[in-house]
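Accompanying notes for the structure given below.
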Ligand SMILES: [Mg+2]
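See the structure below:
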C-alpha cells in the first residue's frame with residue numbers, strides 16, 4: 001500500500017476507511033496464512049463508523065480518561081480491531097508484519113495487556129456486555145459523559161450472561177451504554193439462526209428494556225444514522241444496534257464460498273483477495 005501522510009489521511013471518507021480496514025486485515029491474514037478474516041471483512045463498515053464517526057478518542061493517547069470505551073467482547077475478532085486501530089493511527093501499520101508472532105503486540109486473540117486500544121481481553125464469549133455494564137456504571141458515577149460501546153457477535157446471543165447483563169443495564173438505566181451485535185448469522189457450530197435462534201432479535205432487546213435498532217451493517221449511511229440515533233436518544237434506556245453483516249464482504253470470491261466460522265484461504269489466494277478488494281476500492 002502506498003504510504004500517505006497523516007494529513008491526507010484525515011480527509012478520507014468512511015468508505016475509504018472501511019476499505020483500508022479490510023486491506024489491513026487481509027494483510028495480517030496473509031502474514032499467518034490464516035485468521036478470522038471473514039468476520040473482519042464483514043464488520044469493517046461497523047468499525048469504520050465506530051472509529052471515524054462515533055467514538056470520541058485521542059489516537060495518540062489511547063488511555064485518555066475522557067475517551068469513549070470500545071470493548072471487543074469477541075476476542076477472536078482481534079484482527080478486525082487491530083485493522084481499525086492501525087487505520088486510526090493508534091498502532092503503526094508496520095506492525096502488520098508481526099501479526100500472531102511471539103512477542104508481537106498483535107496476538108491472534110485480543111488481549112488488553114498487549115495492545116494499546118484493546119480495552120478488555122474478550123472471549124471467553126459472553127462477557128463483554130457484563131464488563132460494559134460495570135464500566136458504564138462507573139463512568140456515569142464519575143460524571144465524565146463517556147459512552148461505552150460493546151461489540152459482540154450473534155453467537156453471544158446464546159450466552160446466558162449476555163441477557164443477565166442486558167437486564168442489569170436496563171435496571172441501572174445505562175443510557176451511556178451502546179451494544180453492537182455483529183449479526184453475520186455464523187457461529188462456530190454453523191448458522192446462528194439454526195444453532196440457537198435469538199429471533200426476533202431487535203424485539204427481544206426491546207423487551208429487555210433497550211432502545212433497539214436493526215440495520216444493514218454493510219450500509220455506511222444506515223450505520224451512521226443508527227449510531228447517531230443511539231447517541232442522541234433522549235431516554236434512560238441502554239441502546240443496541242443489531243447490524244446485519246455479510247461475512248467476507250468486499251472479496252466476492254470469498255463471499256461466495258460456503259460460509260464457515262473460520263474461512264479457509266489457500267496460500268495463493270491472499271494476493272488474489274487483496275487484488276480483488278483493490279478493484280472494488282472507493283474512488
Ligand atoms: Mg457470528
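Numbering (full-length UniProt numbering), first residue to last: 1 to 283.
By construction, the Cβ of each residue, glycine as well, lies at the ideal position given by its N, Cα and C atoms.
As the structure is a computational prediction, the values presented were derived from the model and not from experiment.
Membership of residue 243 in any alpha helix (DSSP H) is not indicated; the residue belongs instead to the beta strand (DSSP E) covering 239-244. Leaving aside the five residues that flank residue 209 on each side, the residues in its chain whose CB is nearer than 7 Å to its CB run, in chain order, 170 and 237.
Residue 231 and residue 183 have their C-alpha atoms roughly 20 Å apart. Secondary structure note for residue 253: its alpha helix (DSSP H) is the uninterrupted segment 252-255. Annotation for residue 20: 87 place their beta carbon closer than 6 Å to its own, counting only its chain and skipping 5 residues before and after. Within the region 159-183, the beta strand (DSSP E) runs of at least 3 residues that lie entirely inside it are, in chain order, 177-183.
Between the region 34-47 and the region 112-122, the count of Cβ pairs shorter than 8 Å is below three; the stretches do not touch. When distances are taken from the beta-carbon of residue 217 to the heavy atoms of ligand 1, even the shortest one reaches 8 Å or more. Using a cutoff of 8 Å, the CB of residue 109 does not count as near ligand 1, since none of the ligand's heavy atoms is closer than that. For residue 134, the closest C-alpha among the options 30, 167 and 108 is that of 167. Taking all protein chains shown into account, residue 165 has 16 or more neighbouring C-beta atoms within 10 Å of its C-beta and is therefore buried. Taken from the Cβ of residue 158, every heavy atom of ligand 1 lies 8 Å or farther away. Of the heavy atoms belonging to ligand 1, at least one sits nearer than 8 Å to the Cβ of residue 155.
Contact annotation: residue 113 and residue 75 have beta-carbon atoms that are not nearer than 9 Å.
Residue 192 has its CB nearer than 8 Å to a heavy atom of ligand 1. Judged by the Cβ position, residue 262 fails to qualify as a neighbour of ligand 1 at the 8 Å threshold, every heavy atom of the ligand being at least this far. Here the region 237-247 makes contact with the region 204-220; the two share three or more CB pairs at distances below 8 Å.
The shortest C-alpha to C-alpha distance from residue 172 to any of 153, 137, 187 and 189 is the one to 137.
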